[in-house]
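Protein chains in written order, with my numbering: chain A, 198 to 849; chain B, 4 to 485; chain C, 44 to 144; chain D, 77 to 616. Quick reminder that beta carbons are idealized off the backbone N, C-alpha and C, glycines included. Take a look at the structure below.
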Amino acid sequence: MDALSLLWWIPALPFLGAAVNGLLVRNGQKGLVTFVGLAAPGASMLLGLTAIWQYATGLAPEPLRQAVYSWTVGEMSIDVAFRLDPLSAVMTFVVTVVGFLIHVYSVGYMGREEGYRRYFSFLNLFMGAMLLLVLGSNFLVMFVGWEGVGLCSYLLIGYYFDQEFPPEAGKKAFVVNRIGDFAFLVGMLALFASFGTLEFGEITERVLAAPEIAKAPYVFGLSLAGFVTLCLFIGAMGKSAQIPLYVWLPDAMAGPTPVSALIHAATMVTAGVYMVVRTNVLYQLAPEISLFVAGIGAATAIFAATIGLAQNDIKKVLAYSTVSQLGYMFLAAGVGAYVAAIFHLATHAFFKALLFLGSGSVIHAMGGEQDMQKMGGLRKHLPLTYPTYLIATLAIAGIPPLAGFFSKDEILAGAFAGHHHLIWGVGILTAGLTACYMFRSVYLTFHGSFRGSHEQEHHLHESPKVMTVPLVLLALGAVTAGWIGIPTGLWEMAGFADHNVLHHFLSPVIATLPGVDTGHHLSHSTELLLMLVSVAVALGGWLVAKRLWGGERGLAADRTFAERLPFVQRLLANKYYVDELYDRVIVRPLAGLARGCWKIVDTLLIDGALHVGAFVTELTGDLGRFSTTGNIRNYALYFFAGVLLLFWWMIF
Amino acid sequence: MNPEYSVSTAELASLAPEIVLTVGGSLLLLLEAFAPRLRRSFHWLGLAFVAAASWYVATLPAGPSFAGLIEASSLTAAFSQAVLLAAALGLLVAPGYLSRERLLAGEYPALLLWCAAGLLLLVRGVELLTLFVALELLSLCLYGLAGFHRRIASSAEAALKYFLMGAFVSAFLVYGIALVYGETGSTRIEGIAAALARGQGSPGLLLLGFLLLACGFAFKLSLVPFHAWAPDVYQGAPSPVVAFLSVAPKVASVVVLVRLVLLVAESPLGGKWPDLLALLAAASMLVGNLFALVQRDIKRMLAYSGIAHMGYVMIPLAAPGPHSWQPVLVYLVAYVLMNAGAFAIVTMIYGQPGEQHAISSLAGWGYRFPLLAGCLTVCMVSLAGVPPTAGFLGKYFVFLHAIEHGRLGLALIGIATSLIGVAFYLRVVYMLYMKPEVAAPEGFVIDFGGRVGAVIAAGGSLLLGIWPQRFLSWVAASFERL
Amino acid sequence: MSVPISWYLLLAAALFAIGAIGALTRRNGIAIFLSIELMLNAANLTLAAYSRLLGDRAGQMVVFFVLAVAAAEAAVGLALFIGIFRLRRTIDVNRINLLRW
Amino acid sequence: MSTSFLDLLLGDTITRFVFFPTVAGLPLLLMRRAPAATVKIYALVVSLVELALIGLFVVGRWGSTGALLARDAVLPWIDLAPLSVVYEVGLDGISLPLVLLTGLLLPIVLLGSWNGIDKHWGGYAFSMLLLTTGILGALVALDLFVFYVFWEVMLIPMYLIIGIWGAERRIYAAVKFFLFTMAGSLLMLIGILWLGWTYGRLTGVWSFRYEDLLRLELPIDQQLWLFGAFAIAFAIKVPMFPVHTWLPDAHVEAPTGGSVILAGILLKLGTYGFLRFALPLFPHAADRLTPWLLALALVGIVYGALVAWVQVDMKKLVAYSSIAHLGFVMLGIMACDLVAWQGALIQMVNHGLSTGALFLLVGMLYERRHTKKFEDFGGLAKPMPWFATVLVFSTLASVGLPALNGFVGEFMILVGTFKAGWRWFAALSTVGVVLAAIYLLKMLQQTIWGPITREENESVPDLGLREALTLAPLCVLMLWIGVAPKPFLEPSRPALAALLEDYRSRCAEPAPDEPLLAPARVSAGSPTFAAGVVDQEAGR
């Protein structure tokens with residue numbers, strides 16, 4: 198089978214599934230819904246994997262571009278085209294595999310929901326849009342996917358639409374994303390206006406051929422590259438939940454848990470990272486913006502990690518953890534470690550999806566309860582969920598040889614190598630915090646004794662196979678995914694040939710620009726030292742967590758903390774009051790302005806002026822008409838006076 | 004006998020339309036006396052006379068007659084036909100009203116026909132005395148018609164006011180004639196023109212004389228500031244009379260006024276005359292529309308609207324020349340149709356003549372009188388000057404003339420005021436269709452003739468707007484000599 | 044040596060003015076009408092004077108017509124006065140103002 | 077051989093589909109006592125025949141590569157030399173999309189008013205048909221006088237539709253609509269007359285023909301005045317800030333069908349007027365005033381969006397959103413770039429589709445609940461899943477979600493504006509994109525999402541078959557244009573390109589000090605109509 202010529206079917210199949218489920222199938226036909234809902238992404242996954250395999254084994258040109266049809270005409274001729282290159286291959290792999298597993302999991306998790314059909318339709322739609330995003334050959338197709346995933350995110354966060362909060366959260370997600378998208382759009386406009394094309398390949402070629410165009414001053418003292426990358430990064434901030442646009446992601450947890458796993462952990466939120474890496478040639482030409490990216494990434498990483506420490510909702514912890522890890526990825530991209538960013542993206546997809554699905558399993562067992570304060574000691578009730586959750590926690594904490602260790606280590610090494618020591622410091626601190634709050638969640642959830650109601654305890658049960666099998670498969674990924682990117686240094690120290698597969702695979706998409714030095718090399722000893730430091734920090738974080746929350750200690754530490762440092766605790770628990778700040782500083786003044794426009798400008802000024810004008814006209818008429826007194830003598834006088842006045846006027 | 008004063012058959016024949024009308028009127032009066040049972044057919048007879056007059060007008064050979072006291076040309080024919088159209092409409096809508104008010108009598112058509120004869124004479128007269136006599140002939144008839152509803156005070160009051168004002172103004176007119184005659188030595192337009200060209204006479208007295216003449220006819224046209232009588236008379240006089248009164252005398256008076264203005268403007272006295280007309284036009288448009296805006300009585304509103312429309316008609320005279328005739332004629336024909344149409348419908352659907360003709364009582368009647376309300380709507384839209392109606396065609400030519408001859412300011416005033424106009428014409432439409440009915444109409448009589456009149460007026464207004472070609476080629480033919 | 048034409052004209056103008064003022068100031072309808080007749084006659088006087096000056100009969104012709112018309116006007120006018128007096132019991136024009144504004 | 081109007085009316089012509097609705101609608105006025113169903117079906121059949129007439133006419137000429145698809149024989153209309161006016165209509169790529177949209181919306185509007193209009197259905201349908209004639213006529217007029225007449229013909233039926241079948245404050249809204257529009261169009265009339273006169277002064281023969289008037293080269297001060305007159309008329313129709321306040325009132329008070337036609341097509345005549353008349357006739361003035369108009373467009377985008385956001389009435393929200401959307405169209409038009417123009421043109425259609433659908437949906441809701449206030453809704457997705465689906469779909473199209481139609485237009489407008497050098501306007505107007513999401517999602521939030529707060533909302537019936545049929549074509553087109561806009565963009569391109577080239581070349585030369593007459597262009601017409609004329613006259 199020549200999967201490469203069928204490239205466009207990879208996103209098309211899920212769309213088809215969504216359409217069939219959405220329009221043709223009826224609510225009651227649950228079996229059919231499940232079949233369609235799984236077959237579409239499943240087929241897409243198989244097709245994707247085959248295509249990647251055929252591509253990687255050299256059956257395809259380098260890189261592969263497939264134009265389906267031309268979208269517009271004339272001066273702005275843009276094709277709907279797909280592109281398979283190492284970067285999109287990695288992304289496609291992650292998206293289809295993780296996506297499919299989560300679909301399978303959903304069959305169990307959502308099985309009793311009334312909106313089962315709707316759910317699968319949206320989920321398939323999401324898969325389609327996400328694949329459009331990663332496989333698109335130009336910014337336009339990417340943007341279609343970009344907004345498409347945003348839409349699905351909106352719809353799925355608001356899945357429980359008959360409650361107050363979820364649709365609100367969905368709206369918030371969409372709007373905040375839109376703020377980013379607007380910058381993305383401006384960036385696209387600047388690119389198109391400068392290069393006349395939106396094709397990734399062409400833009401990269403042009404920039405490589407003549408970097409001075411991109412370096413030429415554009416606006417605000419920024420170069421073209423600087424302006425475009427800044428815009429694109431603002432877009433990424435929205436999608437990937439970076440400061441200051443991260444606020445939607447924690448709220449997004451209002452959606453069903455598999456959705457959180459798929460969209461708000463594994464795939465959609467990483468789109469920003471993908472985009473930055475995709476346009477790395479421009480970022481390399483805009484060092485100041487790259488540094489900004491790294492700074493934002495680092496700040497987000499530690500900021501979210503601190504909030505994660507004080508959250509009691511298990512999904513909220515994971516959400517802030519996601520924000521924090523995404524910050525890590527941007528940190529990597531900002532310091533020029535693009536491969537590391539994608540590496541972390543991939544490993545994160547596995548362990549974070551696993552964490553979410555695990556938490557889903559917990560919530561499922563708890564009958565919808567998400568508050569860790571009411572959990573505890575679940576490990577004996579959830580024999581499969583617990584170990585997989587633990588594996589994922591170890592992975593995210595960066596314990597070797599699990600996936601997170603390698604990817605996180607590569608990021609930190611990249612930061613250190615680029616002499617961004619402060620950023621490295623923040624990164625390492627975040628690593629410790631990550632280990633700490635993640636193990637906190639493990640201890641509070643699975644260890645100690647149960648703190649919920651008897652009724653809940655009675656109902657505790659392990660999830661069905663259809664949910665646990667994906668957990669196991671993902672756990673496998675969380676363990677092994679890191680091995681494709683074992684650092685060159687380790688291979689060499691161990692005396693092997695360099696088997697850093699990912700690096701070699703991805704190197705073609707990382708542009709090498711003359712005069713831009715990306716190859717900061719660390720000595721093997723430094724690299725090893727750094728690894729040890731990060732492992733030590735991770736273990737330290739774990740130990741702290743164990744001391745505070747391990748065993749039967751439960752919530753005692755939290756209470757002590759709240760008593761000793763009430764201010765800090767409240768600050769963290771309330772997420773630094775950022776939502777409130779935004780509300781006061783942006784939303785309300787804007788609403789006030791809008792109301793002012795309506796009531797004052799529209800109603801009072803414009804309509805008022807009109808009404809006054811009409812009134813004055815009418816008043817003139819109304820006063821004037823009394824000149825027609827009804828008395829004939831007055832009329833005669835008017836005539837007489839009129840004649841005299843006109844005569845007077847005529848002779849002078 | 005001096006052969007100069009003998010009357011030839013050809014000259015008599017040149018008076019054929021007027022003679023037909025006068026004889027017709029007299030005949031009807033006789034029939035009223037001797038065969039009152041035929042009353043119901045009087046108006047149809049009258050129509051026949053109007054038709055005959057119309058035919059005579061159409062076939063009249065061009066040229067002066069009666070030693071140049073009157074003349075016939077395609078131009079006078081065109082305006083005469085407009086007058087006759089108004090007379091026909093006035094006759095068509097009257098019988099329903101008259102029988103409803105138990106006023107049916109031969110005097111009505113008789114007065115109307117005599118009045119029409121006076122109007123035709125006014126259109127054709129080119130000598131001051133002829134004009135004066137014609138004017139008095141038509142005025143006296145109109146006084147009688149305005150007071151035709153003997154039993155109600157408002158009708159009598161309207162007639163009296165009209166009479167007193169008319170008499171007052173005619174004194175000025177005669178004085179003007181005297182001055183012009185005295186300073187130029189002639190009462191014929193041609194003679195006056197020649198004298199003016201020679202520079203004969205005292206400019207001051209001539210100016211005064213012409214001004215008095217112009218004001219006299221401006222009074223007939225109800226131009227501001229000589230307008231004040233119009234609302235009272237329109238409101239008080241019987242509605243079918245107003246349908247005639249509000250249009251026919253205007254057509255004829257405009258002809259005289261145009262003649263006068265052209266006469267003066269082309270003479271050494273010219274100077275400020277165009278500006279005078281511009282002033283009158285602007286004042287009329289403004290006052291007419293502004294005062295109409297606040298009226299609650301539809302007849303009174305239409306009176307003020309008529310004032311405004313005469314302002315529009317005057318726009319081409321602000322840049323006088325032979326080219327002024329054409330827009331004036333187009334506008335007047337449109338005005339005859341839409342204004343007479345509006346009054347015709349008012350005649351029929353307001354059942355109580357003495358009462359106020361409140362616009363608000365039209366509420367919801369659009370569904371009660373679908374045909375008449377539709378016609379009224381068309382007339383209102385046409386009066387408002389919205390295409391595709393005759394009113395728009397008229398405005399088009401008038402504004403075009405203004406722009407062509409550098410009177411842009413006047414055109415802009417015209418536009419601003421027509422916007423005000425839209426507001427009150429639309430009020431009628433929304434009353435008809437958009438308000439719930441508050442009171443059922445009472446005592447109304449809708450007869451065949453009235454319906455025909457309304458349809459002719461409204462249909463004509465629409466036709467002139469949509470397919471004006473035939474009308475315009477007729478107009479064009481009327482001005483071939485100019 | 045005859046009276047200069049201007050005297051006639053001035054006399055006529057004065058008569059006209061008196062008539063006009065009378066018409067404007069009287070409240071009785073008939074008085075107003077009488078004043079108007081005065082104005083008409085002032086105009087007639089002007090016509091006659093000019094006619095004499097110009098040695099042209101046309102002016103005097105006009106005078107005859109004006110007189111005739113004035114008579115007709117008087118007839119119609121009086122009829123209207125009677126009509127209104129029947130209905131309103133007054134011919135005070137200040138009070139004949141049912142129709143206004 | 078001279079052609080008569082009747083020949084045109086009966087032949088395969090533009091005239092036929094322009095006048096067919098009114099002529100075929102006349103019997104409706106006589107069917108006062110006929111059963112309601114008969115009247116409705118008759119009107120619907122007329123509208124479908126009309127759609128077929130337009131469709132057949134266009135399909136037969138689709139392949140022609142030139143700018144002008146067709147033109148009817150020129151007839152004398154107001155024949156009073158030298159003040160002659162001819163009746164001349166033609167169809168080109170610029171008017172084509174809007175003509176098709178009009179034809180499409182007509183049956184939809186009638187079907188959508190099936191039960192919503194509860195009195196004088198025949199009169200309503202006739203008003204709609206008359207309105208259609210006015211719209212189509214204005215879109216195909218190639219003579220400014222003819223254009224003006226059709227432009228005004230639209231007023232009365234719309235006035236009646238708002239005033240008779242509207243809501244409580246309908247008369248205020250109707251009069252406001254009428255006066256606003258009339259104020260602008262009277263100024264335009266003076267401008268048109270002035271142009272015709274100037275042409276007459278230079279040639280001795282008056283003319284209001286578009287192609288003749290395009291040859292006029294006016295001094296800059298005259299251009300500015302005339303452009304002002306035209307621009308005010310069109311800006312009121314669009315409507316642009318600050319002359320927009322009639323629109324919310326008109327929309328809120330108008331019946332559903334009236335709103336759909338108003339938003340769907342009537343407003344587009346303003347933007348169409350800019351593109352077709354104001355810019356090409358007065359290039360230098362337009363060029364000089366471009367920044368100001370762009371600024372007004374931008375203000376409209378942001379202002380409309382902001383005000384829409386705080387509305388408490390669903391219909392008013394959609395109305396204000398129209399101001400914002402039309403702001404985008406104006407931005408594209410004033411950018412004077414081919415991509416932007418294409419975007420603006422397709423955006424006119426898009427807005428007609430998505431906003432039309434939204435108004436229909438609001439109307440359907442109103443028929444069920446007799447309220448349009450947000451506070452009375454909430455949680456309607458539960459009882460009305462299909463309604464919610466279509467509402468979400470149309471809203472998203474309106475928001476400008478990629479792969480739906482709204483995005484195509486907005487994107488092309490932004491690209492064109494940015495490319496043409498108006499970077500700041502393009503960048504700032506994207507704020508409107510963000511705000512669009514805010515207010516439209518607010519609408520969804522308060523209507524279909526959330527718990528049901530009113531008992532009456534528990535059992536609101538979902539869309540019926542008729543309603544689904546009304547909405548389906550709109551939805552299909554929204555998706556189609558979004559996914560594959562090329563076939564919709566292609567027919568307009570040559571016409572727009574020619575117009576733009578002409579505009580640019582005229583702007584490049586300085587304005588003369590005295591009015592001049594440029595030599596007649598190739599094949600005695602503007603380049604817009606030069607290429608590939610399918611000469612109807614030759615065929616006769």
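Three-state secondary structure (DSSP) of residue i
| i | result |
| --- | --- |
| D:Trp153 | strand |
| A:Ile151 | As displayed, chain A neither begins before 198 nor continues past 849, which places residue 151 of chain A out of reach and without an answer. |
| B:Val389 | coil |
| D:Ile247 | helix |
| A:Glu361 | coil |
| B:Glu14 | helix |
| D:Glu443 | helix |
| D:Val281 | coil |
CB contact below 8 Å: residue i versus chain C
| i | result |
| --- | --- |
| A:Phe823 | yes |
| A:Phe837 | yes |
| B:Thr25 | no |
Proximity test, Cβ basis, 8 Å: residue i and chain A
| i | result |
| --- | --- |
| D:Pro603 | Any reading at D:Pro603 is ruled out, since the residue's pLDDT is 40, under 50, leaving its predicted position unreliable. |
Supposed close pair residue i, residue j - CB separation, criterion 8 Å
| i | j | result |
| --- | --- | --- |
| A:Val514 | A:Gln508 | 5 Å |
| B:Thr187 | B:Leu199 | 7 Å |
Cβ neighbours of residue i in the same chain (closer than 8 Å, five flanking residues each side left out)
| i | result |
| --- | --- |
| B:Leu116 | Leu24, Thr25, Gly27, Gly28, Leu31, Gly49, Phe52, Val53, Ala90 |
| B:Ile449 | Gly99, Met351, Ile352, Phe372, Leu375 |
Residue i at chain G interface by Cβ criterion, 8 Å
| i | result |
| --- | --- |
| B:Leu365 | Going by chain labels, chain G is absent from the structure shown, which instead holds the protein chains A, B, C and D. |
Close-in-space but distant-in-sequence residues of the same chain around residue i (CB under 6 Å, 5 per side omitted)
| i | result |
| --- | --- |
| D:Thr366 | Met410 |
Residue j beta carbon less than 8 Å from that of residue i
| i | j | result |
| --- | --- | --- |
| D:Thr523 | D:Phe453 | yes |
| B:Ala393 | B:Pro439 | no |
| A:Glu485 | A:Gly423 | yes |
Sequence-distant residues of its chain with Cβ nearer than 7 Å to residue i (five each side left out)
| i | result |
| --- | --- |
| C:Ile79 | Gly62, Ala66 |
| D:Ala464 | Leu456, Ala457, Ile524 |
is_contact[residue i, chain B] using C-beta, thresh 8 Å
| i | result |
| --- | --- |
| A:Ile207 | no |
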